[in-house]
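One structure below.
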Amino acid sequence: MDVVLPCLDEAGALPAVLGGLPPGYRAIVVDNGSADGSPEIAAAYGAKVVHEPRRGYGAAVHTGLECATADIVCFADADGSLDLADLPRLVEAVRSGTDLAVGRRVPTSPRAWPWHARAGNAALSLLLRSRGLPVRDIAPLRAAHRQALLDLGVVDRAFGYPLELLVKAQRAGWHVREFDVSYGERAAGTKSKVSGSVRGTLRAVRDFGRVLAR
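Rendered as structure tokens:
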């Protein structure tokens with residue numbers, strides 16, 4: 004099983020993240036221009052390292068998807084906030100007929116998910132539910148068949164990627180299932196590009212707005 008991990012300056016998190024992969028899962032770390040030695044650390048822990056020079060979450064995720072070879076591909080953040088032991092539940096759902104399995108983040112501490120990021124996520128997921136997609140999170144933990152994802156044609160290469168994925172999955176009639184997953188604080192020494200600041204959250208909201216306007 005392949006696990007795509009978009010990465011930008013996650014040196015402090017990678018040892019624990021890669022060490023927490025379930026048996027039989029291969030990490031594909033897509034470096035998006037790190038300046039802290041993240042690619043070297045990832046390689047030392049056995050990950051396949053791919054370099055994506057175009058900045059953007061979606062660019063890194065899509066490059067990782069293209070480089071994957073497994074039939075089912077998983078996606079997760081590389082910041083240490085997620086427990087990759089949750090991945091097998093999502094994969095089993097896909098094997099059993101679910102088109103897209105996603106995680107619904109359940110914070111393990113009040114500091115894990117800042118108010119501004121949680122509020123934006125709640126508004127977007129409410130909009131998706133009004134369109135018939137039963138999700139309560141725009142989640143970074145996902146699993147789906149590789150070729151189906153490529154065929155879906157997600158074009159956003161910034162923060163709007165996960166939202167566009169859900170929108171297009173709904174339009175295509177995909178069966179989407181959501182699972183509660185643990186969501187903790189990021190590893191020390193790393194900073195979220197979205198929830199780490201109000202500015203980052205506003206940039207993400209801008210990208211989400213572009214997706215919804217298409």
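Going by our numbering, the first residue of the sequence shown is number 4, and it counts up by one from there.
We treat Cβ as the ideally placed atom computed from N, Cα and C, and that holds for glycine.
Original post:
How close, in whole Å, do the beta carbons of GLY83 and ALA142 come, if the pair is a contact with beta carbons under 8 Å?
Top reply: In the sequence shown, the residue the question calls residue 83 occupies position 80. In the sequence shown, the residue the question calls residue 142 occupies position 139. Contact doesn't hold; Cβ gap of about 16 Å is too wide.
Original post:
Among GLU181, ARG134 and VAL33, which residue has its Cα nearest to the Cα of ARG174?
Top reply: If you number the sequence shown from 1, residue 174 lands on position 171. Checking every option, the nearest Cα to that of ARG174 belongs to ARG134.
Subject >> Paired residues, beta bridge with ILE141 - DSSP >> reply: Counting from 1 along the sequence shown, the entry for residue 141 is found at position 138. Paired residues: none, contrary to the question.
**OP:** Per DSSP, which residues does HIS178 bridge with? Please list them.
**Re:** Here residue 178 corresponds to residue number 175 of the sequence shown, with the count starting at 1. Bridge partners of HIS178: none, in fact.
Original post:
Counting along the chain, where does the beta strand (DSSP E) carrying ALA151 start and finish?
Top reply: Locating residue 151 in the sequence shown gives position 148, counting from the first residue. That residue, ALA151, is in no beta strand (DSSP E); its alpha helix (DSSP H) goes 149-155.
Subject >> Spatial neighbours of GLY23 in its chain, beta-carbon cut-off 6 Å, leaving aside the 5 residues before and after >> reply: Position 20 of the sequence shown, counted from the start, is the residue given in the question as residue 23. Closer than 6 Å at the Cβ level, and outside the excluded window around GLY23, lie LEU87.
Subject >> Integer-rounded CB distance, given that ALA147 should sit under 8 Å from VAL97 >> reply: As a position in the sequence shown, residue 97 is number 94, starting the count at 1. As a position in the sequence shown, residue 147 is number 144, starting the count at 1. VAL97 to ALA147, Cβ: 6 Å. Contact.
Original post:
Which partner residues does ARG108 have in the DSSP bridge list?
Top reply: Position 105 of the sequence shown, counting from 1, holds the residue named residue 108. ARG108 pairs with VAL184.
Original post:
How is the alpha helix (DSSP H) around ALA19 delimited, first residue to last?
Top reply: Here the question's residue 19 lines up with position 16 in the sequence shown. Counting along the chain, the alpha helix (DSSP H) containing ALA19 begins and ends at 17-22.
Original post:
Taking buried to mean at least 16 other C-beta atoms within 10 Å of its own C-beta, is LEU129 buried or exposed?
Top reply: Here residue 129 corresponds to residue number 126 of the sequence shown, with the count starting at 1. So LEU129 ends up on the exposed side.
Original post:
Using the beta-carbon count (16 or more within 10 Å), is THR101 buried or exposed?
Top reply: For the purposes of this step, residue 101 is taken as residue 98 along the sequence shown, with counting starting at 1. THR101 is buried by the Cβ-count criterion.
Original post:
If you count every other CB in all the chains shown that lies within 10 Å of the CB of ASP80, and 16 or more means buried, which is it?
Top reply: Here the question's residue 80 lines up with position 77 in the sequence shown. So ASP80 ends up on the buried side.
**OP:** Put LEU136 into one of helix, strand or coil per three-state DSSP.
**Re:** Along the sequence shown, read from residue 1 onward, the residue named residue 136 stands at position 133. Note: LEU136 maps to coil in three-state DSSP.
Original post:
Once you ignore the five residues that flank LEU144 on each side, which residues in its own chain have a CB closer than 6 Å to its CB?
Top reply: Taking the first residue of the sequence shown as position 1, residue 144 is located at position 141. Hits under 6 Å: ALA79, LEU85, GLY106 and VAL184.
Original post:
Taking just the CA atoms, how far does SER37 sit from PRO304?
Top reply: A question about residue 304 goes unanswered here, because the residues of the chain that appear run from 4 up to 217.
Original post:
Is it a yes or a no for the segment 110-121 touching the segment 152-165, going by three-plus beta-carbon pairs under 8 Å?
Top reply: no
Original post:
Where does PRO91 sit, in a helix, a strand or coil, going by DSSP?
Top reply: Taking the sequence shown and counting its residues from 1, the one referred to as residue 91 is at position 88. In this structure, PRO91 counts as helix in the three-state DSSP scheme.
Original post:
Roughly how far, in whole angstroms, is the beta-carbon of ARG29 from the beta-carbon of ALA104, given that I think they are within contact range, below 8 Å?
Top reply: Translated into the one-based positions of the sequence shown, residue 29 becomes position 26. Translated into the one-based positions of the sequence shown, residue 104 becomes position 101. About 18 Å separates the two Cβ atoms, so there is no contact after all.
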